[in-house]
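Enquirer: Per numbering that gives the first Met the number 0, the very first residue in the sequence shown carries number 0; after that it's consecutive. Every residue gets a Cβ at the ideal spot worked out from N, C-alpha and C, and that includes glycine. Here the structure is a predicted model, which is why all the values come from computation and not from measurement. My questions will all concern the structure given below.
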Amino acid sequence: MGSFGWNDKLLTGITEIDDDHKTLFTYLRAPEDAINNHNAAEMARGILGGLSDYTKYHFDREEAIFTKYHGYELKAFHFEQHRQFVKQMGSFEEQLNSNADISAEMAAYLSKWLVRHIMTEDKVFFDAYTF
Ligand SMILES: [Fe+2]
C-alpha cells in the first residue's frame, strides 16, 4: 500500500470505529492502483457508489455515539463535517456523470479528508470520552 494507506496513528481505540475507518481506507487502494494502471476514470466510477454507501453507514454509527454524549460541544460541527463529505461525494458523482476525469482529484481529496478528519474531529471526541 502506498501513500493512501492506513497507519496506526489513526487508531481511536474504539474497535468498531477503527474497523470502519480501516474499511474506508480499503476504498482508497483502488484509486491508487487504477491511477498507476492508467484506468483511473473507471476506478472513480467503480468505487464511488460503494464508498458513499459505506460512509453513510459509518457516519450514522459515529453520530449515534456522539448523540449519547450530551456534553460533546463540537457535535454540530462534527456532523457538519460529515455532511460536507457527503455533499462532496454527490459533486463527484455529478462530475463523473458528465464524463469528467476527476480520478486524481478524487483520490487526493479522499485520502486527505479521511486522514485529517480522523486525526482531528474523530480523535478529539474519542480521546475525550471514555467508553
Ligand atoms: Fe467523524
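Would you kindly work out how many angstroms separate the C-alpha atoms of Glu104 and Glu93, rounded to a whole number?
Expert: Spanning the two alpha carbons is a distance of roughly 14 Å.
Enquirer: For a test of your reading of the model: does the CB of Asp121 fall under 7 Å from any non-hydrogen atom of ligand 1? Yes or no.
Expert: The answer is yes for Asp121.
Enquirer: When burial is assigned at 16 or more other CB atoms within 10 Å of the CB, is Tyr68 buried or exposed?
Expert: Counting Cβ neighbours within 10 Å, Tyr68 comes out exposed, since fewer than 16 surround it.
Enquirer: Please tell me whether, using a cut-off of 7 Å, the distance from the CB of His81 to the nearest non-hydrogen atom of ligand 1 is below it.
Expert: His81: yes, Cβ under 7 Å from ligand 1.
Enquirer: Between the beta-carbon of Thr11 and the beta-carbon of Asp18, is there less than 8 Å?
Expert: For Thr11 and Asp18, no; Cβs fall outside 8 Å.
Enquirer: Any heavy atom of ligand 1 within a distance shorter than 7 Å of the CB on His116?
Expert: Yes, since a heavy atom of ligand 1 falls inside the 7 Å radius drawn around the Cβ of His116.
Enquirer: For the putative contact between Val123 and Leu73, defined by C-beta atoms under 8 Å, what is the C-beta separation to the nearest angstrom?
Expert: Yes, Val123 and Leu73 are in contact; Cβ-Cβ is about 7 Å, under 8 Å.
Enquirer: Would you kindly work out how many angstroms separate the C-alpha atoms of Ser97 and Ser90, rounded to a whole number?
Expert: Cα-Cα distance, rounded: 11 Å.
Enquirer: Tell me which residue opens and which closes the alpha helix (DSSP H) that Leu95 is part of.
Expert: Element bounds for Leu95: Lys74 to Asn96.
Enquirer: What is the rounded straight-line gap between the Cα of Ile101 and the Cα of Glu79?
Expert: When rounded, the distance between both Cα atoms is 24 Å.
Enquirer: Measure the alpha-carbon distance for Gly4 versus Phe65 and round it to whole angstroms.
Expert: Those two C-alpha atoms are separated by around 26 Å.
Enquirer: Within 7 Å: the Cβ of His77 and any heavy atom of ligand 1?
Expert: Checking every heavy atom of ligand 1 against the Cβ of His77, one is found closer than 7 Å.
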